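What follows is one structure encoded as structure tokens, with my remarks underneath.
There are 2 protein chains.
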Amino acid sequence: MPDSTSANRTPATGEPTAAESTRERIVTAAKTEFSQHGIAGARVDRIAKRARTSTERVYAYFRGKEALYAFIARRELAVVADATRMDPTDLPGYAGRLFDYFSDHPEHFRLISWGRLELVNSASPDPDDPSQAAITHKIEQLRRAQEAGTLTPSWDPVDVLALVNQIATTWATQTELCAMTAEQARDPAATARRAAVVDAVQRLFPASA
Amino acid sequence: MPDSTSANRTPATGEPTAAESTRERIVTAAKTEFSQHGIAGARVDRIAKRARTSTERVYAYFRGKEALYAFIARRELAVVADATRMDPTDLPGYAGRLFDYFSDHPEHFRLISWGRLELVNSASPDPDDPSQAAITHKIEQLRRAQEAGTLTPSWDPVDVLALVNQIATTWATQTELCAMTAEQARDPAATARRAAVVDAVQRLFPASA
Numbered sequence: 001m002p003d004s005t006s007a008n009r010t011p012a013t014g015e016p017t018a019a020e021s022t023r024e025r026i027v028t029a030a031k032t033e034f035s036q037h038g039i040a041g042a043r044v045d046r047i048a049k050r051a052r053t054s055t056e057r058v059y060a061y062f063r064g065k066e067a068l069y070a071f072i073a074r075r076e077l078a079v080v081a082d083a084t085r086m087d088p089t090d091l092p093g094y095a096g097r098l099f100d101y102f103s104d105h106p107e108h109f110r111l112i113s114w115g116r117l118e119l120v121n122s123a124s125p126d127p128d129d130p131s132q133a134a135i136t137h138k139i140e141q142l143r144r145a146q147e148a149g150t151l152t153p154s155w156d157p158v159d160v161l162a163l164v165n166q167i168a169t170t171w172a173t174q175t176e177l178c179a180m181t182a183e184q185a186r187d188p189a190a191t192a193r194r195a196a197v198v199d200a201v202q203r204l205f206p207a208s209a
Numbered sequence: 001m002p003d004s005t006s007a008n009r010t011p012a013t014g015e016p017t018a019a020e021s022t023r024e025r026i027v028t029a030a031k032t033e034f035s036q037h038g039i040a041g042a043r044v045d046r047i048a049k050r051a052r053t054s055t056e057r058v059y060a061y062f063r064g065k066e067a068l069y070a071f072i073a074r075r076e077l078a079v080v081a082d083a084t085r086m087d088p089t090d091l092p093g094y095a096g097r098l099f100d101y102f103s104d105h106p107e108h109f110r111l112i113s114w115g116r117l118e119l120v121n122s123a124s125p126d127p128d129d130p131s132q133a134a135i136t137h138k139i140e141q142l143r144r145a146q147e148a149g150t151l152t153p154s155w156d157p158v159d160v161l162a163l164v165n166q167i168a169t170t171w172a173t174q175t176e177l178c179a180m181t182a183e184q185a186r187d188p189a190a191t192a193r194r195a196a197v198v199d200a201v202q203r204l205f206p207a208s209a
């Protein structure tokens with residue numbers, strides 16, 4: 001499926017066509033809807049209304065809710081990957097960028113979390129899925145860093161990736177504990193949470209250099 | 001709300017009453033329903049059918065879906081806490097027990113995860129909520145262990161609790177990466193995942209011998 005931010009532009013001006021701009025409004029509206037209500041809870045009529053179009057147009061652009069979610073999730077994962085760029089020689093820095101990204105965009109974390117809960121049956125590996133290809137690429141990057149001596153070789157690269165992701169998203173995940181930090185933390189500032197996350201990754205997988 | 005496993009028993013025999021056993025069947029059915037579909041997606045008619053009762057009886061025992069979810073979530077948190085027992089002098093051991101618990105009961109982890117996504121508006125701290133009281137108690141246990149010199153004092157206890165919870169649930173959370181371990185891990189066995197989780201917590205917060 002082509003990314004509508006680059007496809008179908010009027011060549012002369014680079015302005016979006018009417019069709020493209022409707023499609024993009026649908027995607028924006030759907031992002032909000034899925035982030036708030038998940039996939040099963042999302043309603044196409046609310047998406048259409050927010051996008052100032054009809055449910056028929058939504059179905060004309062996307063086969064249905066699931067296809068629309070899949071399109072958005074894939075694009076969001078690419079956006080996160082681009083904004084955070086895993087550097088296998090500086091995993092603490094990467095964890096900090098992930099922390100910042102999901103602090104600034106909690107709705108992106110919700111989008112991913114709904115999919116994890118709702119798409120259990122599609123969890124079987126499919127190497128052609130771009131998000132799985134991205135994971136495989138990251139594991140390979142970590143493996144090569146271990147061979148090059150810039151990452152401690154004792155850990156399985158799969159565990160390294162999982163632990164860094166997990167630690168970086170500690171506060172995006174544990175919303176109930178996050179809400180209690182104002183009362184309970186020595187230093188309630190978000191910068192203190194970020195420093196602890198980065199410190200934990202640094203102790204496990206120190207940056208080389 | 002009294003826990004129906006101990007309340008309303010016929011004193012002479014200790015056998016559950018008919019009312020209690022209906023109520024318990026509703027709770028069991030609702031656990032399955034919430035774990036699969038979340039709160040918004042759960043249907044009271046399906047819960048009633050699975051519990052071999054009527055929707056009217058479900059509403060007679062519980063005010064509604066949200067109250068039923070709140071009752072179950074509270075009880076499940078108590079069950080997890082009881083099964084895993086946080087020992088502030090042995091956090092790696094605690095992480096291993098959490099890992100085991102959620103490996104054996106993925107449906108409990110799903111129950112908690114739905115609540116985190118769906119109950120965003122109730123995330124503001126309420127010290128009378130038993131689950132928040134349990135968190136406060138754990139933070140206090142960690143603080144005392146730091147004062148006693150059995151836990152490294154440099155970390156904020158809030159960060160310690162969040163990081164241990166988070167690392168222990170790495171594989172329950174990242175289902176998409178978990179599904180890829182068979183192909184991608186050096187050692188695809190669940191024991192290898194468990195060992196990495198326990199090792200990570202040991203390196204950050206070593207057990208005091």
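Protein sequence lines correspond, in order, to chains A and B.
Counting with my numbering, you get residues 1 to 209 for the letters of the first sequence.
Counting with my numbering, you get residues 1 to 209 for the letters of the second sequence.
Glycine included, C-beta positions come from ideal geometry on N, C-alpha and C.
Only a predicted model underlies this, so the values are computations on that prediction, with no experimental measurement involved.
Close Cβ partners of residue i (< 8 Å) along its chain, the five nearest in sequence each way excluded
i	result
I39/A	K65, E66, Y69, W114, G115, E118, L119
D187/B	none
6 Å CB neighbourhood of residue i in its chain, flanking five on each side removed
i	result
L98/A	T84, A168
A200/B	I167
F62/B	L68
W171/B	C178, R193
R147/A	Just to set this straight, residue 147/A is Glu in the shown sequence, not Arg. Taken in chain order, the list of residues that qualify is empty.
S21/A	none
P92/B	V198, V201, Q202, A207
A196/A	none
Residue i burial status per 10 Å Cβ neighbour count (16 or more: buried)
i	result
H108/A	buried
T152/A	exposed
T191/A	exposed
D82/B	exposed
S35/A	buried
T17/A	exposed
D90/B	buried
D156/A	buried
E33/A	buried
R143/A	buried
R203/B	exposed
A133/B	exposed
L145/B	In the sequence as presented, Leu is not what sits at residue 145/B; that position holds Ala. By the neighbour-count rule (16 or more Cβ atoms within 10 Å), A145/B is buried.
A182/B	exposed
A209/B	exposed
Residue i versus the options, residue with shortest Cα-Cα distance
i	options	result
I26/B	L77/B, Y101/B, V44/B	V44/B
Q106/B	T173/B, T28/B, Y94/B	One point to set straight first is that residue 106/B is Pro, not Gln, in the sequence displayed. Checking every option, the nearest Cα to that of P106/B belongs to T173/B.
D159/A	D128/A, E183/A, T181/A, F205/A	F205/A
G149/B	V58/B, A207/B, A60/B, P92/B	A207/B
E140/A	V58/A, H37/A, D87/A, I47/A	D87/A
A29/A	E15/A, H37/A, A48/A	A48/A
I72/A	Y59/A, S154/A, R110/A, K31/A	K31/A
L111/A	A133/A, H37/A, H137/A, G93/A	H37/A
V198/B	A182/B, L163/B, A42/B	L163/B
Q184/B	A185/A, N165/A, L161/A	L161/A
K138/B	K138/A, D128/A, M180/A, T136/A	M180/A
T136/B	E176/A, A42/A, A196/A, G41/A	E176/A
Cβ-based neighbour list, residue i, same chain, cut-off 7 Å, excluding 5 preceding and 5 following
i	result
R74/B	P130, S131
R194/B	G96, F99
S103/A	A190
V58/B	I26, V44, I47, A48
Y94/A	T84, M86, D87, V164
Y101/A	V80, A83, T84
Checklist entry - Hey, is the region 49-60 of chain B in contact with the region 75-93 of chain B, meaning 3+ C-beta pairs nearer than 8 Å? => result no
Checklist entry - If you measure beta-carbon to beta-carbon, which residues of the region 32-50 of chain A are closer than 8 Å to chain D? => result In summary, chain D is missing from the structure at hand, where the protein chains are A and B.
Checklist entry - Of all the alpha helix (DSSP H) runs that stay within the bounds of the region 97-169 of chain A, which reach a length of 4 or more residues? => result 106-118, 130-147, 157-168
Checklist entry - Which whole runs of the alpha helix (DSSP H) in the region 39-78 of chain B are 4 residues long or more, in chain order? => result 44-50, 55-61
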